[in-house]
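Using the UniProt record's numbering, read the sequence shown as starting at 1 and increasing by one per residue.
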Amino acid sequence: MLSSESAQGHMQFQAEAKLYAVVHHKYLTGLIGYCDNGTNMALIYEYMANGDLAKHLSDKNENILSWNQRLQIAVDAAEGLEYLHHGCNPPIVHRDVKSKNILLNEKFQGKLADFGLSKIFPNEGDTHIFTVVAGTIGYLDPEYNRLSRLKEKSDVFSFGVVLLEIITGQPAITKTEEKIHIIQLVSSMLLENGVKDIVDPRLKGEFDINYATKALDIAMACVARTSINRPTMTHVVMELKQCFENKITDLPDSNYTPESLPDALNYVSFDRISGESSLAR
C-alpha cells in the first residue's frame with residue numbers, strides 16, 4: 001500500500017503496474033491486481049508463503065536453507081533476470097536486484113519482485129541508457145554509479161552480490177561499525193583461507209567443494225569492476241544449472257591469488273553507506 005502523497009512512490013507504482021502488463025515468467029512474481037483510486041494505491045501479488053530470501057539467509061533464522069535449496073533459488077532468480085534481459089523486446093533492466101527482492105513460495109522457488117525502479121530500453125539493440133542513479137547501496141553497480149550509464153550488466157553485478165550472500169550467508173554489507181562489503185570480505189577470505197571457509201558455516205560442510213568453488217567463480221565474475229568483463233545472465237543461468245545438476249565438466253581451481261582478484265578489494269566505495277538505504281539521485 002502506497003501513500004498518494006508520495007510523488008516518487010506514485011511514479012514507481014505506475015511503472016511497476018505498466019511493466020506487469022507486458023512481462024510474464026514463472027520466476028517473476030505474478031501480479032493479481034492493483035488499486036489506484038487516487039487516495040490509495042496498492043499492488044496485489046501472488047502469495048509467497050516463505051517471504052524474502054534475505055530473511056532466510058539471516059543468522060537469526062533457525063531454518064537454514066540447504067546447499068541445494070540455495071542453488072535452486074539462485075537458478076530461479078537468474079532465469080527470471082535472464083528473461084527480462086533476453087526474453088523481452090526491448091530488454092528490461094530491473095535496477096534493484098537484491099536478496100530482499102527475491103521472494104520464495106511454498107516450494108522455496110525463488111521469484112524476482114519489485115519492478116518499481118525497472119527501465120525498459122527505448123529501442124531494440126540499445127546497449128545502455130543514461131539515467132539517474134537508483135538502486136540499493138551494497139548491490140549498486142559501481143560503473144553505473146560513476147557514469148550514470150545503465151546496462152543489463154548492472155543487474156549482473158547486483159545478482160553477483162546476491163549470489164555471494166547465498167554462498168556465504170553474509171549480508172551485502174556487514175552490520176558492524178566498519179561496514180565491510182561482501183566483495184571485500186570474500187576476497188580477503190579467499191586469499192587467506194580458500195573456498196571451504198567462505199561457505200556458510202551453518203551448512204556444517206554439507207556441500208561439494210567443487211560445486212561451491214564453481215558457484216563462487218560465477219559470483220566473482222558477475223561482480224567484475226567493469227561491465228565488459230561480466231558474463232551475460234544467459235551464461236550465468238547455464239553455469240549455475242551445471243552446479244545444481246552436478247554436471248560440471250571442468251572442475252574449477254580453488255587456488256586464488258592476489259593477481260586473480262585484481263581489484264575486488266579496492267573498487268567499492270563505502271563512504272556514503274548507511275545500512276539498507278536506497279539511493280536515487
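Each residue gets a CB set at the ideal place from its N, CA and C atoms; glycine is no exception.
Given 8 Å as the limit, is there contact between the region 69 to 82 and the region 174 to 190, that is, 3 or more CB pairs closer than that? no
Which value, in whole angstroms, describes the spacing of the CA atoms of residue 304 and G110? No answer is possible for residue 304: the residues shown for the chain start at 1 and end at 281.
Using a Cβ-Cβ cut-off of 7 Å (strictly less than) and excluding sequence neighbours within five positions of residue 285, which residues of its own chain qualify? Limits of the chain in this structure are 1 at one end and 281 at the other, which puts residue 285 out of reach.
Going by C-alpha to C-alpha distance, which of S227, L112 and H235 sits closest to H24? Taking the Cα of H24 as reference, the smallest distance to any Cα among S227, L112 and H235 is reached at L112.
Take the Cβ of E239 as the centre, count every other Cβ of all protein chains shown within 10 Å, and call the residue buried at 16 or more, exposed below. buried
Go ahead and pull the three-state DSSP assignment for S117. Per the sequence presented here, residue 117 reads as Leu, with Ser not at that position. If DSSP states are grouped into helix, strand and coil, L117 belongs with coil.
Is the beta carbon of C222 sitting closer than 9 Å to the one on V156? Yes. Within cutoff.
Tell whether a beta-carbon distance below 9 Å holds between I166 and L53. yes
Neighbourhood of A224 by C-beta, 7 Å cutoff - its chain only, sequence neighbours within 5 removed: R230
Buried or exposed for residue 370, please, with buried defined as at least 16 other CB atoms from any protein chain shown within 10 angstroms of its CB. Residue 370 lies beyond the residue range present for the chain, which begins at 1 and ends at 281; the question has no answer from this structure.
Restricting to Cα atoms, I'd like to know which of Q69, D141, L28 and Q14 is closest to H181. Just measuring C-alpha positions, the residue of Q69, D141, L28 and Q14 sitting nearest H181 is D141.
Can you give me the start and stop residues for the alpha helix (DSSP H) that D155 sits inside? Looking at the DSSP string, the run of the alpha helix (DSSP H) that includes D155 is E152 to T168.
Since G80 is in the alpha helix (DSSP H), which residue starts that stretch and which ends it? W67 to E82
Tell me the rounded alpha-carbon separation between A42 and I102. CA-CA distance, A42 to I102, rounds to 19 Å.
Bridge partners - A42, DSSP secondary structure assignment: Paired residue(s): C35.
Are the C-beta of Q170 and some C-beta of chain D separated by less than 9 Å? Within the model displayed, chain D is absent; a lone protein chain is all it includes.
Measure the beta-carbon distance from A134 to R95 and round it to whole angstroms, keeping in mind my assumption that it falls under 8 Å. 6 Å
Of the listed residues T234, M220, A212 and V237, nearest to S66 (C-alpha basis): A212
Out of curiosity, what's the CA-to-CA distance linking E152 and N63? 34 Å
Take the Cβ of D76 as the centre, count every other Cβ of all protein chains shown within 10 Å, and call the residue buried at 16 or more, exposed below. buried
Once DSSP output is grouped into helix, strand and coil, what is the label at D217? If DSSP states are grouped into helix, strand and coil, D217 belongs with the helices.
Could you pull the start and end residues of the alpha helix (DSSP H) that A54 belongs to? L53 to L57
Give every residue of the same chain whose Cβ lies closer than 8 Å to the Cβ of S148, excluding the five residues on either side of it in the sequence, and list them in chain order. F130, T131, V132 and V133
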